[in-house]
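In what follows, a structure is listed as structure tokens, so that the remarks can point back to it.
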Amino acid sequence: MTSVLLIGFGAIGRHVARLLHPEISSGRLRLTALVRDLDKHADHQGLGAELIEVESPQDPRWTELRADVVVECAGVPAARAYGPAVIAAGLPFVLTSVGALADRPIRQSLLTGPGELHVTNGAIGGLDVLEAAAQAQGLDEVSIRTAKAPAGLIQPWMDAEEVRRLRSLNPADGPLTIFTGSPAEAIVKFPSNVNITVALAWATRGLGFDAGADDELMERALQRTRVEIRADPSQVDSHHEITASGSAGDFAFSISSTPSPENPATSGLTALSVTRTLRICLADFRRR
Numbered sequence: 001m002t003s004v005l006l007i008g009f010g011a012i013g014r015h016v017a018r019l020l021h022p023e024i025s026s027g028r029l030r031l032t033a034l035v036r037d038l039d040k041h042a043d044h045q046g047l048g049a050e051l052i053e054v055e056s057p058q059d060p061r062w063t064e065l066r067a068d069v070v071v072e073c074a075g076v077p078a079a080r081a082y083g084p085a086v087i088a089a090g091l092p093f094v095l096t097s098v099g100a101l102a103d104r105p106i107r108q109s110l111l112t113g114p115g116e117l118h119v120t121n122g123a124i125g126g127l128d129v130l131e132a133a134a135q136a137q138g139l140d141e142v143s144i145r146t147a148k149a150p151a152g153l154i155q156p157w158m159d160a161e162e163v164r165r166l167r168s169l170n171p172a173d174g175p176l177t178i179f180t181g182s183p184a185e186a187i188v189k190f191p192s193n194v195n196i197t198v199a200l201a202w203a204t205r206g207l208g209f210d211a212g213a214d215d216e217l218m219e220r221a222l223q224r225t226r227v228e229i230r231a232d233p234s235q236v237d238s239h240h241e242i243t244a245s246g247s248a249g250d251f252a253f254s255i256s257s258t259p260s261p262e263n264p265a266t267s268g269l270t271a272l273s274v275t276r277t278l279r280i281c282l283a284d285f286r287r288r
């Protein structure tokens, strides 16, 4: 039996647990999840995961679980806190909050091993094509425009006027651009909304043969990739438009995905992407 440890058991973690039901029910997989407050998860005990309460990455209980694969699905701060320790322990690490890769010291610690980093695509597709083009040095420009319902974009740092403006938008107003910049800037301002922008930069970084090269290529990709975020009151689903161009050709992808029913700031596709990445990781692990 393979042991999988989830860091976090929020909307994404619970969805992943449901998707893993075939493996759990057949006895091929044991699922454990780290949570900060067991009482908050009293209604989530029937999803096939054993819940363990821990206060921080320094809590020794999580290291004693002897997981074969660790999956982060608790947000960028959790990825920063736990990821380096998981990698240093030599374990495969599935990264959901890809925005953590915009933090260079964290990125370097995740790339240096001995554990292997597995980066999810999140709520967007077409990245295999763009990755192939980038590895052949065939991309010069990369951009993503993301549109979401205004309520899902409200952030704690926004002042009262900005919050009021977003809440009062109606379809007749049309979309409102609330951010333009780089993925690194976007993930700071919208940590739960735009992991996909960093995932796009990661996929289009190019071909690196070691941790140092991947780190440098990612830094350049973060600077090259352009991000626009729109609050669109007519938008029910999250909508993403990705464009890229260069000697490999011109590429355009349009993706619409329904929000998570439990968390409107998160795409319902995210858990599907995480589960797919985990299953690939597990297949690699079992072949060793």
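Using UniProt numbering, read the sequence shown as starting at 1 and increasing by one per residue. Think of the CB as a built atom: it goes at the ideal place given N, C-alpha and C, for glycine as much as any other residue.
Taken through DSSP and simplified to helix, strand or coil, Thr258 comes out as coil.
Relative to the Cα of Val54, the nearest Cα in the group Val69, Leu47, Thr32 and Gly48 belongs to Thr32. DSSP, reduced to helix, strand and coil, places Gly268 outside both helices and strands of the structure shown, so it counts as coil. Ranked by Cα distance from Gln155, the first of His240, Gly99 and Val188 is Val188.
Secondary-structure assignment with DSSP links Phe253 through a beta bridge to Ile242. In the three-state reduction of the DSSP assignment, Glu23 falls in the helix class. Using a Cβ distance threshold of 7 Å, Leu20 and Val35 do not count as a contacting pair. When beta bridges are read from the DSSP output, Ala49 appears opposite Leu31. Look at Glu72 here: in three-state DSSP terms it is strand. For Lys40, there is no enclosing alpha helix (DSSP H), since its DSSP letter is neither H nor E. The distance from the Cβ of Ile12 to that of Thr266 is about 6 Å, consistent with a contact at the 8 Å cut-off.
Nearest to Arg18 by alpha-carbon distance, out of Thr2, Ala49, Lys40 and Arg28, is Ala49. In the three-state reduction of the DSSP assignment, Ile106 falls in the helix class, which pools H, G and I. Scanning its chain for C-beta atoms nearer than 8 Å, with the 5 sequence neighbours on each side dropped, one finds around Gly115 the residues Val86, Ile87, Ala88, Ala89, Gly90, Leu91, Pro92 and Phe93, in chain order. Of all C-beta pairs linking the region 206-226 to the region 151-171, fewer than three are shorter than 8 Å, placing the two stretches out of contact.
Under DSSP, the beta-bridge partners assigned to Thr177 are Arg230. With respect to the 7 Å criterion, Gly122 and Ile196 are classified as neighbours on the basis of their beta carbons. Here Glu161 is exposed. Its C-beta has fewer than 16 other C-beta atoms within 10 Å.
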